[in-house]
Amino acid sequence: MSQRSLISDSELQRRPVLYRVVLTVLALLFVALFVFPLYWMVTGAVKTPVELAQPVPTLVPHSWHPETYVDAWRKLDIGRYLFNTAFYAIGGWLFQLTVDVAAAYALSKLRPRFGNLVLGGMLASLMLPAAALLVPSYLTVADVPLLHVNLLNTPWALWLPGAANAFNIYVLKRFFDQIPDELLDSAGIDGAGRLRMLWHVVLPLSRPVLAVVSIFAIIGAWKDFLWPLLVLQDPSTQTVSVALSRLAFNGYVTPNEMFAGLAIASIPMVVVFAVFQRSILSGLSAGALKG
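Quick note, in the UniProt record's numbering, the sequence shown goes up one by one and the last residue is 291.
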């Protein structure tokens, strides 16, 4: 079955050169839009503060000072904040994957009573803006109901509120729905329990979507700024984005050192995306509906 696009095959055959030119121009335009901010950040770090303050910006630095990256690493103590961020991201990924997989498996295969109502409530929460949940979430971690424990300035303030992600639960459930029930029935005949079915049947077949959810969870935890800014007020516990914002606001660093700090902080996620981009695309397409 042939695939249809915005331009018909006959039109492509009549004007192949025009099509390739337009495609090349659009591709270069999108690449420039995404790459230019990274280029501006990396080159801004090697400029002098005087050059950065000029009214007319320079695309190519007049003088190169790569030692700014070393100065920023030492002066801003980026290593400690990167460790904090990685610790929060890995812990949040473990909590989020555990809760989301369990919820999606229950809704998809165990089919509890009022499961559709629960799923509808989860999806309805996606309609709410994130800013609307900041105040109740902050009050909850500042004084946990029933326990009356203050979780501020602790990793639990980041891990627990983000453990249940409605979007990830929906994506996982849609993927689990495509796993034939006959496989689980066969495992049940062999004496496997519900947890063993999940561990030995469902999860091995769900590696593509698990990779996607994992990458999204880690990237989301790494780039999150507003919530860590609210709950991590102790400088020693802050993430790299919050720490750089605090140092820039206090005027502790020069603009080129701040550019260098931002460039260093973005390297881990750029590497993650470059390494796992194939897994991201294959995982997103794995759960797509077939027409």
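Just so it is clear, CB atoms sit at the ideal spot from N, CA and C, and this is done for glycine as well.
Cβ-based burial, residue i [other Cβ within 10 Å; buried from 16]
i      : result
Asp181 : exposed
Gln277 : exposed
Ser125 : exposed
Trp93  : buried
Asp224 : buried
Thr24  : exposed
Thr98  : exposed
Val209 : buried
Val141 : buried
Met197 : buried
Val31  : exposed
Gln54  : exposed
Trp222 : buried
Val35  : exposed
Asp190 : exposed
Thr85  : buried
Tyr69  : buried
Thr239 : buried
Ser236 : exposed
Val212 : buried
Ile218 : buried
Asp143 : exposed
Ala131 : exposed
Val21  : exposed
Ser186 : exposed
N-terminal and C-terminal residue of the alpha helix (DSSP H) that residue i is part of
i      : result
Pro37  : Pro16 to Ala45
Gly122 : Sequence inspection shows Met at residue 122; the Gly mentioned does not correspond to that position. Start and end: Gly115 to Ser125.
Phe176 : Ala166 to Asp177
Asn153 : Where Asn153 is concerned, there is no enclosing alpha helix (DSSP H), given that its DSSP letter is neither H nor E.
Lys223 : Arg207 to Lys223
Thr140 : Leu134 to Ala142
Thr88  : Note on identity: in this sequence residue 88 is Tyr, with Thr being the wrong assignment. That run of the alpha helix (DSSP H) goes Ile78 to Tyr105.
Trp73  : Glu67 to Lys75
Ser186 : Asp181 to Ile189
Leu52  : Pro49 to Leu52
Leu244 : Val240 to Phe249
Trp64  : No alpha helix (DSSP H) contains Trp64, which DSSP labels as neither H nor E.
Leu229 : Leu226 to Val231
Arg194 : Arg194 to Met197
Best match in the options for proximity to residue i [C-alpha to C-alpha]
i           : options                           : result
Pro49       : Ala265, Phe95 and Pro255          : Pro255
Val46       : Val60, Leu33, Pro37 and Phe34     : Val60
Phe83       : Val270, Ala265 and Val99          : Ala265
Gly91       : Gly251, Leu184 and Ser214         : Ser214
Phe273      : Phe216, Val240 and Arg246         : Phe216
Phe175      : Thr58, Ile78 and Tyr105           : Tyr105
Ser168      : Ala263, Leu107 and Ala131         : For the record, residue 168 in the displayed sequence is Asn; it is not Ser. The shortest Cα separation from Asn168 among Ala263, Leu107 and Ala131 belongs to Leu107.
Ser241      : Pro66, Tyr88, Leu52 and His65     : Tyr88
Lys173      : Pro136, Asn116, Val275 and Ile218 : Asn116
Arg111      : Leu205, Asp177 and Ala263         : Asp177
residue 302 : Pro37, Leu18 and Leu134           : Shown here, the chain extends from 1 to 291; a query on residue 302 therefore has no answer.
Gly162      : Tyr252, Gln96 and Ser236          : Gln96
Ala102      : Asn165, Val56 and Trp64           : Asn165
His200      : Leu247, Leu184 and Ile219         : Leu184
Tyr81       : Ala243, Ser206 and Leu28          : Ala243
Val253      : Ile78, Leu146 and Val270          : Ile78
Val118      : Tyr170, Trp64, Arg246 and Ala187  : Tyr170
Asp100      : Ala248, Leu160, Leu26 and Leu29   : Leu160
Trp64       : Asn250, Leu52 and Trp73           : Leu52
Leu205      : Ile179, Gly188 and Met122         : Ile179
Chain C within 8 Å of residue i, Cβ atoms only
i      : result
Met269 : The structure shown contains no chain C; it holds only a single protein chain.
Checklist entry - Within the chosen definition, does the stretch 32-44 reach the stretch 259-267 through at least 3 CB pairs nearer than 8 Å? => result Flag = yes, the stretch 32-44 and the stretch 259-267 touch.
Checklist entry - Between the stretch 144-158 and the stretch 224-236, do three or more beta carbon pairs fall short of 8 Å? => result Contact between the stretch 144-158 and the stretch 224-236 is present: 3 or more CB-CB pairs across the two stretches fall below 8 Å.
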